[in-house]
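Sequential numbering from 0 applies to the sequence shown in numbering that gives the first Met the number 0. The structure appears below as structure tokens.
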Amino acid sequence: MAKKSAASLSVVAVKPRDSRLEPPANITDRQRELWLEIVASKPADWFTRDAQSLLLGYVKAIASYEILSARVDAVEAQGGMDDLKDEDKLYAMLERQARLVQSFATKMRLTQQARYTTGSAATATEKAGKSRPWD
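Here it is in structure tokens:
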């Protein structure tokens with residue numbers, strides 16, 4: 000193997016700038032806030048251009064879930080709805096939206112389920128529940 004020259008050893012590799020996926024211009028302020036928060040929670044290369052539509056769907060689903068959840072909270076604060084069918088529809092909408100949020104999060108490997116195997120999750124749970132002598 001040839002010896003490297005002093006000049007080649009003094010060259011510093013340039014790391015690419017921490018470029019994160021920018022939110023689209025046509026989303027609401029809340030969706031933009033969610034986008035930036037989610038993108039910042041992962042390494043810079045986690046979300047690529049091909050994941051943009053999934054991420055967009057995810058933030059829209061979360062924003063919609065928040066709106067529905069606030070509506071459910073308001074209904075519950077008033078003691079429920081007069082028509083149980085309407086109340087049932089509202090809860091069904093909330094459940095559907097929650098499932099959509101969960102599906103997007105799982106597909107993009109954002110959930111704990113995506114990071115743990117069954118065995119390692121059990122080990123982590125065991126460790127978390129035990130008290131340590133120094134605690």
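All C-beta atoms in this analysis are idealised placements derived from N, C-alpha and C, irrespective of residue type, glycine included. Just so it is clear, the structure is predicted and the values come from calculations on it, not from any experiment.
N-terminal and C-terminal residue of the alpha helix (DSSP H) that residue i is part of
i	result
TRP34	28 to 39
THR105	83 to 106
GLY56	51 to 76
Alpha-carbon to alpha-carbon, residue j and residue i
i	j	result
ILE66	ALA60	10 Å
GLY56	GLY79	30 Å
SER102	LYS2	53 Å
ARG31	ALA50	16 Å
LEU99	LYS84	22 Å
PRO23	ALA91	30 Å
GLN112	SER4	49 Å
GLU86	ALA43	42 Å
ARG48	ASP28	21 Å
Nearest to residue i (by Cα), restricted to the options the options
i	options	result
SER52	ALA69, PRO42, TRP34, SER40	TRP34
LEU89	VAL100, LYS41, VAL71	VAL71
MET107	LEU54, ARG29, ARG98	LEU54
LYS41	ALA76, SER18, ARG29	SER18
GLU94	ARG48, VAL38, TYR64	TYR64
VAL38	GLU75, VAL58, ASP28	VAL58
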